[in-house]
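Numbering (the numbering used here), first residue to last: 9 to 272. Note that beta-carbon positions come from the ideal geometry of N, C-alpha and C, so glycine has one too. Written below as structure tokens is the structure these notes are about.
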Amino acid sequence: MRVYISADIEGVTGVTHWDDTRLGHAENAYAARQMTREVAAAARAAFEMGAEDVLVKDAHGTARNLLLEELPERLRVHRGWDNTPYSMMAEIGSGFDAVLFVGYHSEGGADTNPLAHSFNSSKLERLIINGERASEFVFNYYLAARHGVPTLFLSGDAGLAASARAFDPNIVSVGVKSGLGDSTLNVSAKRGVELIYDGVKEALKKKDVKPIYPERFNVVFVFRDHQDAHRASFYPGVERIDEVSVRFEAEDILDIARAKMFIL
Ligand SMILES: [Zn+2]
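As structure tokens, this is what we get:
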């Protein structure tokens, strides 16, 4: 079994403010350490469940957050950005059996995490896929599903954890905090690690899970500023639908990811 972990930070236990998420900021020290612990717990559980390969994509900001010396010895780590449309899912096409998302957060437009956003939060107000507000998790789920790889686990804020289970009931999800206004209510850092370890063990018992993959993707990008919608409308196939929104349709999520790479 080969297991792929994509790790973000805004859904990590305790992370509440943008300062927590910025590499080099004094308040980032705890967040990076806890993100590392949560990834390590997921990886440890995967190895104990028989994985012979676990690759983690550091998928936040600079993609250089994880403290490598504190990760399990056999874990492979993808740092930095590969500048392909796969982005937070770099290398997912190279033959994995399961995806685990760690530290993921609610989508732009949701009120369940003070740091809720979808991709480039300075430009994009929200992302809508086939009529539903979509998180980075949903988008990345489809990138894995494109290669037949099912998502079996997610940890993050409770809002996203609940929506992940509703989206695909095969997913075991763990909420380590809930968001209210500009605050979060968290489990302890230690408990967050335990919940993730136990959740991954449970999740990897599942066999022969088929991921959801719709026949067609109708994607709306709602920008914060009309200027960005205007600019995006020049990408081939992109249609401007109002002052701040554009639509792009495709059968292959990779075509959507390619468009996103150039218009965001
Ligand atoms: Zn992030």
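Practice item. Could you pull out every residue in the same chain whose Cβ sits closer than 7 angstroms to the Cβ of Val-208, ignoring the five residues on either side in sequence? Key: Ala-50, Ala-53, Ala-54, Leu-108 and Phe-161
**Study point:** DSSP bridge partner residues for His-155 (one or two, in chain order)
**Key:** Bridge partners of His-155: none, in fact.
Check your understanding: What number of angstroms, rounded off, separates the C-alpha of Gly-187 from the C-alpha of Ile-136?
Key -> 22 angstroms
Check your understanding: Can at least three beta-carbon pairs, one atom from the segment 215-224 and one from the segment 241-254, be found at a separation below 8 angstroms?
Key -> no
Exercise for review: Rounded to whole angstroms, what's the CA-CA distance from Pro-158 to Trp-26? Just pull it up for me.
Suggested key: 31 angstroms
Check your understanding: Can you tell me the Cα-Cα spacing of Ala-71 and Asn-91, whole angstroms?
Key -> 12 angstroms
Check your understanding: The alpha helix (DSSP H) with Ala-53 in it runs from where to where?
Key -> 36-56
Exercise for review: Mind checking which residues open and close the beta strand (DSSP E) that includes Ile-179?
Suggested key: From DSSP, Ile-179 is part of no beta strand (DSSP E); its letter is neither H nor E.
Exercise for review: Note the first and the last residue of the continuous alpha helix (DSSP H) segment covering Phe-256.
Suggested key: Under the DSSP assignment, Phe-256 falls outside any alpha helix (DSSP H), being part of the beta strand (DSSP E) whose first and last residues are 253-258.
Point to revise | When Gly-200, Lys-213, Phe-229 and Ala-170 are compared against Met-9, the one with the closest alpha-carbon | key: Residue Lys-213 is the option with its Cα nearest to Met-9.
**Study point:** Asp-27 CB to nearest heavy atom of ligand 1 below 7 angstroms
**Key:** no
Practice item. On a CA-only basis, which of Leu-132, Ser-163, His-155 and Ile-179 is nearest Arg-199? Give me that one, please. Key: Ser-163
Practice item. Going by CA-CA distance only, name the one from Lys-268, Asp-176, Ser-129 and Ser-114 that's closest to Val-254. Key: Lys-268
Check your understanding: Just the Cα atoms here: how many angstroms apart are Ala-174 and Arg-82?
Key -> 33 angstroms
Check your understanding: Is it right to say Pro-122 is buried, meaning 16 or more other beta carbons lie within 10 angstroms of its own, or is it exposed?
Key -> buried
**Study point:** Given 8 angstroms, three or more beta-carbon pairs between the segment 10-30 and the segment 123-130
**Key:** With the cut-off at 8 angstroms, the segment 10-30 and the segment 123-130 touch.
Practice item. Identify, in the order they occur along the chain, each residue of the same chain with its Cβ nearer than 8 angstroms to the Cβ of Ala-98, setting aside the five sequence neighbours on each side. Key: Hits under 8 angstroms: Lys-65, His-86, Trp-89, Asp-90 and Thr-92.
Point to revise | Reduced DSSP category for Thr-192 - H, G, I as helix; E, B as strand; rest coil | key: If DSSP states are grouped into helix, strand and coil, Thr-192 belongs with the strands.
Practice item. Could you pull out every residue in the same chain whose Cβ sits closer than 7 angstroms to the Cβ of Val-110, ignoring the five residues on either side in sequence? Key: Ile-13, Ala-15, Glu-46, Val-47, Ala-50, Ser-163 and Ile-204
Point to revise | Among Ala-153, Ile-17, Met-43 and Val-11, nearest to Glu-56 - alpha-carbon criterion | key: Val-11
**Study point:** heavy atom of ligand 1 below 7 angstroms from Glu-115 C-beta
**Key:** no
Point to revise | Rounded straight-line distance, which links the Cα of Gln-235 to that of Pro-222 | key: 31 angstroms
Review point. What's the C-alpha gap between Ile-261 and Phe-225?
Key: Near 7 angstroms, if we compare the C-alpha coordinates of Phe-225 and Ile-261.
Check your understanding: On the three-state DSSP scale, how would you describe Asn-73?
Key -> coil
**Study point:** Rounded straight-line distance, which links the Cα of Ala-172 to that of Ser-196
**Key:** 22 angstroms
Review point. Taking C-beta to C-beta, are Phe-256 and Gly-245 nearer than 8 angstroms?
Key: yes
Practice item. Using three-state DSSP, classify Thr-108 as helix, strand or coil. Key: Before going further, note that residue 108 is Leu rather than Thr in the sequence given. In the structure shown, Leu-108 sits in a strand (DSSP, three-state: E or B).
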